[in-house]
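*Asks:* Residue numbers (numbering that gives the first Met the number 0), protein chains in the order written: chain L, 0 to 145; chain A, 0 to 145. Where a beta carbon is used, it is the ideal one built from N, C-alpha and C, also for glycine. Please read these numbers as outputs of a predicted model, since none were measured by experiment.
Protein chains: 2
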Amino acid sequence: MPAETKSCRSTCPIANALEIVGDKWTLVILRDLMFRNLHEYKEFLESPEGIATNILSARLKFLTEDGIISRIPHPTNGTKKLYYLTERGKTLMPLLIEMTIWGSDQISGAETPPHVITAMRNNKEEFANQTLESLAEWEAENLRTL
Amino acid sequence: MPAETKSCRSTCPIANALEIVGDKWTLVILRDLMFRNLHEYKEFLESPEGIATNILSARLKFLTEDGIISRIPHPTNGTKKLYYLTERGKTLMPLLIEMTIWGSDQISGAETPPHVITAMRNNKEEFANQTLESLAEWEAENLRTL
DNA sequence: CCGGATCCGTTTCGATACTG
DNA sequence: CAGTATCGAAACGGATCCGG
């Protein structure tokens, strides 16, 4: 009995997400953009995971070419750039939220606040909306020129 | 306003998921286990992504040691083994579902059935339950000996 | 045959030094 | 400060070999 018939509708399009989701550093950058309000090259570098400069450059380039993020010159500081999520990039949020939830309750008893997580788990929608809102705030401040 | 206070509660535990989610081949195997009802070494090898034997071995080993999957000797064929998701492994399903959804509607207009996806998107719970059910069916047939 | 370990040529990654 | 060059380390893919 061919297994393909009963499950995996449409050849399991997970493959299309592998380039993004299957890469550790890409995920770290996306997390920083979504949940930590980071927008600068230097800020990404200082993330606890310790990404290297060439890796960061490569991933930012890939994400930009792929339409997940975009960038502008820093409004006041000419030497800096600001990176931010495109609308397409924001569609990855449910995925990142699931990652956060799963990562939270796997290290049970560790440094993870107990019921904050269950709250997040029960209010994914609200959590997503709050996060989107804070992204919108940042955009309102920094993307006026567009 | 320090960005850390308003978002990223609890130091963003995404990091805990990176070993699993940040690896392409691990995700491919998990997809095969969850959505394609594959349970044998050889079946994984034949997946369209084309994983190499040594890579497959390494990932299966890691996933086993990490408690995501488990394995038993094939009930009728002594030389084969059967791999299957543990309860812990099944907790990754929401994440894989989000990956599937995201992968589906990014390749817009491609080989993806149109409204099947939106149905899946609107019925994540149901889709998850259906999938869990089909996993349970398989277990009922193959894990009797436990 | 099947799972899987080992070896090897090639590619990719990543830490650091360096440049504009 | 953003990004590149370099170079050793690791991962990958493929083939082969081994044990049951």
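Could you check which residue in A:A14, A:Y40, A:R143, A:K79 has the C-alpha nearest to that of L:I50?
*Replies:* Out of A:A14, A:Y40, A:R143, A:K79, A:A14 has the C-alpha closest to the C-alpha of L:I50.
*Asks:* Can you give the Cα-Cα distance for A:F34 and A:E138, rounded to whole angstroms?
*Replies:* Going from the Cα of A:F34 to the Cα of A:E138 covers about 14 Å.
*Asks:* Can you tell me which of the three DSSP states A:S159 falls into?
*Replies:* The structure shown does not extend to residue 159 of chain A, since chain A is modelled only from 0 through 145, so no value can be given for it.
*Asks:* Determine the chain A residues that contact L:R58 at a beta-carbon separation under 8 Å, and present them in chain order.
*Replies:* What L:R58 touches in chain A: nothing, since even the nearest Cβ is about 12 Å away.
*Asks:* For A:I67, which residues in the same chain have their Cβ closer than 8 Å to its Cβ, ignoring the five residues on either side in sequence?
*Replies:* These residues qualify, in order along the chain: I19, L29, L84, T85, R87, G88, L91.
*Asks:* Compute the beta-carbon to beta-carbon distance between L:N141 and L:L81, rounded to the nearest angstrom, for a pair I have assumed lies under 8 Å.
*Replies:* Confirmed, about 6 Å.
*Asks:* Can you list, in chain order, the residues of its chain whose CB lies under 6 Å from that of A:L32, leaving out five sequence neighbours each side?
*Replies:* Once the five neighbours on either side are set aside, the close Cβ partners of A:L32 are L84.
*Asks:* Could you work out which residue in A:K79, A:H73, A:L59 is closest to A:D22 when comparing CA atoms only?
*Replies:* Looking at the Cα atoms, A:L59 is the closest of the given residues.
*Asks:* Among residues of its own chain, excluding the 5 on either side of L:R120, which ones have a beta-carbon nearer than 7 Å to its beta-carbon?
*Replies:* Counting only Cβ-Cβ distances below 7 Å, and skipping sequence neighbours, we find I100.
*Asks:* Answer with yes or no whether the minimum CB distance from L:N15 to chain A is below 7 Å.
*Replies:* Output row for L:N15: interface = yes.
*Asks:* The alpha helix (DSSP H) with L:L37 in it runs from where to where?
*Replies:* Here L:L37 belongs to no alpha helix (DSSP H), and DSSP marks it neither H nor E.
*Asks:* Going along chain L, which residues have a C-beta under 7 Å from A:P93?
*Replies:* The contacting residues are E97.
*Asks:* Would DSSP call A:L91 helix, strand or coil?
*Replies:* In this structure, A:L91 counts as coil in the three-state DSSP scheme.
*Asks:* Answer yes or no: do A:A127 and L:M98 have a C-beta to C-beta separation smaller than 7 Å?
*Replies:* No; because the gap between Cβ atoms is not below 7 Å, this pair is not in contact.
*Asks:* Taking 7 Å as the CB-CB limit, is L:L26 close to chain A?
*Replies:* Cβ-Cβ to chain A under 7 Å: yes for L:L26.
*Asks:* Got a sec: is the Cβ-Cβ distance from A:F43 to anything in chain L below 7 Å?
*Replies:* No - not a single Cβ of chain L is within 7 Å of the one on A:F43.
*Asks:* Who are the neighbours of A:K80 on chain L, taking C-beta pairs under 9 Å?
*Replies:* Here the premise fails: no neighbours, minimum Cβ distance about 17 Å.
*Asks:* State the Cα-Cα distance for the pair L:V27 and A:R143, rounded to the nearest angstrom.
*Replies:* Whole-angstrom Cα-Cα distance: 42 Å.
*Asks:* In the DSSP assignment, find the beta strand (DSSP E) that holds A:K80 and state where it starts and stops.
*Replies:* Counting along the chain, the beta strand (DSSP E) containing A:K80 begins and ends at 80-84.
*Asks:* At 9 Å on the CB atoms, spell out the chain A contacts of L:T90, in chain order.
*Replies:* Simply W101, D104, Q105.
*Asks:* Would a check of beta-carbon distances place A:E12 closer than 7 Å to chain L?
*Replies:* It is worth fixing the name first, because residue 12 of chain A is Pro in this sequence and not Glu. Answer yes: the Cβ-Cβ gap between A:P12 and chain L drops below 7 Å somewhere.
*Asks:* With a threshold of 8 Å on Cβ separation, who are the neighbours of A:I54 within its own chain once the five nearest residues in sequence on each side are excluded?
*Replies:* So the list reads W24, once near-sequence residues are dropped.
*Asks:* Measure how close the beta-carbons of A:L44 and A:T52 come, nearest whole angstrom, since I'm counting them as under 8 Å.
*Replies:* Contact flag correct, Cβ pair sits at about 7 Å.
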